[in-house]
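Below: the structure, in structure tokens.
Numbering (the working numbering), first residue to last: 408 to 527.
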């Protein structure tokens, strides 16, 4: 059975699927001294976590990983970055390093949250 993500069916001016953290990040071109052009992605600016719509709060257990939590709450292990965006940390692994810590599960920027669910 093939599952088709409807977000990928809509044409988008990005080389990355809509589920990617790099979707919508502008591509720029650097010209080398020899004239060769090298494309690169401009810096991705993180959204303000306070403006992200909440889905749930999760209490970290021993063995939790962001990819596993993303699969559980967001339906895709590749969406781990959405959890990292909602819970600022220098190293995303910090978010699951301490059992008992509460972390926020949020939608990407621009998607409203679930009424009654607050940020961590």
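Each residue gets a CB set at the ideal place from its N, CA and C atoms; glycine is no exception.
Bridge partners - residue 461, DSSP secondary structure assignment: In the chain shown, counting from the first residue as 1, residue 461 sits at position 54. 513.
In the structure shown, what three-state DSSP assignment does residue 429 receive? Taking the chain shown and counting its residues from 1, one reaches residue 429 at position 22. The answer is coil: DSSP assigns residue 429 none of H, G, I, E or B.
Exposed or buried, what is residue 437 when buried is set at 16 or more other beta-carbons lying within 10 Å of its beta-carbon? Indexing the chain shown from 1 puts residue 437 at position 30. Exposed is the call here.
If you count every other CB in all the chains shown that lies within 10 Å of the CB of residue 452, and 16 or more means buried, which is it? Start at 1 with the first residue of the chain shown, and residue 452 comes out as number 45. So residue 452 counts as exposed.
Ends of the alpha helix (DSSP H) at residue 473? Translated into the one-based positions of the chain shown, residue 473 becomes position 66. Per DSSP, the unbroken alpha helix (DSSP H) holding residue 473 starts and ends at 473 to 481.
Where does residue 489 land, buried or exposed, given buried means 16+ other C-beta within 10 angstroms? Looking up residue 489 in the chain shown gives position 82. Result: buried.
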